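Going by our numbering, the first residue of the sequence shown is number 2, and it counts up by one from there. Here's the structure we're looking at; comments come further down.
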Amino acid sequence: MSFGPLLKIELQKITHNAAIIREALRHNGHSLMVVVKSCCGDPNIVRAIAAAGISQFGDSRMSNLERLREANIEGEFWLLRSPAPDQRERMVELCNGSLQSDLDTIRKVEQLRPPAPHRVILMLDLGTGREGFQPNELLRACDEVERMAHVELYGLGIYFMHASDPAFVETTLGRFGEICNEVESALGRVLKAKSFATSLVYDHILKSGFVPSGLNHLRLGTMPIIGRLTSVDDTPALPGLATDTAVLEIKVIQTKVLCDRPIALLEIGNLDTDIRALRPIQSDLRVIDSSSDHTIVEQTPGATLLKVGDAVEFTVYYSSFVRLMSSPYVTRSYSV
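Okay, here's the thing in structure tokens:
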């Protein structure tokens, strides 16, 4: 028996989504790393993604990757940010690779002499506002890493902020492709990964038909797991994706009439999730307010009135899903 809010997750729909995305990317010559931080490295969800034939998983939290290792999930595990100095050794033990923008960290990894070379994707900053080497630093960094015995220069990567302008995305991806070509010419070999993210960037590529030349590796998190982009949008990110992979069930704990309006108080609040990124499945309900402990919904005139103990279901979007997966006050159930 569950107590409190219940997040109901349908694993077969997540497998379905991951398979559709993997096939779409394969058709364009792209490989896929699924970023699993939104589900806090939940082994059930990651197994569902792996069932679609995906074997590369990334997370920015070492504890999430540790959780997957302990669950004996097979695949490559990548840390998506540079570790703190006291976590470098653990990263080498736990992860097959990492995204890196700090040469000192990479030098420390080389000194640790891992039994298998630790793969790195060097991140590049082309005005995207995130971590990364500047273009004038990159060739020197690549040359140094290429000469290391215990670190493999796996590729180069770039990240875009969620609200990046489409014209900026196209220009920047084009420049990134040129830089990748320059690095490959200097090294005399092909990089395994010319990697970019996020789901919104991929959405722009799908809608515009713009395919970045030479780029071959995509890091996605939102689309496989909830079928949407990060915004509150009911349209599937790709045709055929399930957008009801997770449904939140919340109990009514009080009802009353306020200024001739029937309202109900629900057992969830801002402490539990991002209430703004929830939408009632019932069309006759509307969220009107929330506090740390409660959410208030209003019923439209003529609707069957809710009673204490009734369950109300909500569609969840990215920011609410992330919070629900990390909250200790939310129960999670899984169907296959």
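Here a beta-carbon is modelled for each residue, glycine too, at the ideal position from N, C-alpha and C. Computed from a predicted structure; not experimentally measured.
- The C-alpha of E132 is placed about 21 Å away from the C-alpha of E90.
- In the three-state reduction of the DSSP assignment, V36 falls in the strand class.
- With the rule of 3 Cβ pairs closer than 8 Å, the region 134-145 does not count as touching the region 112-119.
- Under DSSP, K257 shares a beta bridge with I264.
- Per the DSSP secondary-structure output, M124 pairs in a beta bridge with G158.
- Note on the region 177-233: whole alpha helix (DSSP H) runs with a minimum of 4 residues are 200-209 and 223-227, in chain order.
- Linking A312 to I251 through their CA atoms gives a straight-line distance of about 5 Å.
- In the DSSP assignment, K252 forms a beta bridge with A312.
- Closest in alpha carbon position to G241, among E314, I22 and E179, is I22.
- If the five residues before and after S32 are omitted, its C-beta is found closer than 6 Å to the C-beta atoms of H218, all from its own chain and listed in chain order.
- The C-alpha of G310 is placed about 47 Å away from the C-alpha of P167.
- CA-to-CA, the gap between N65 and G98 works out to about 15 Å.
- For T332, the secondary structure class from DSSP, reduced to helix, strand or coil, is strand.
- In the displayed model, Q101 falls within a strand according to three-state DSSP.
- By the neighbour-count criterion, in which a residue is buried when 16 or more other Cβ atoms sit within 10 angstroms of its Cβ, K257 is exposed.
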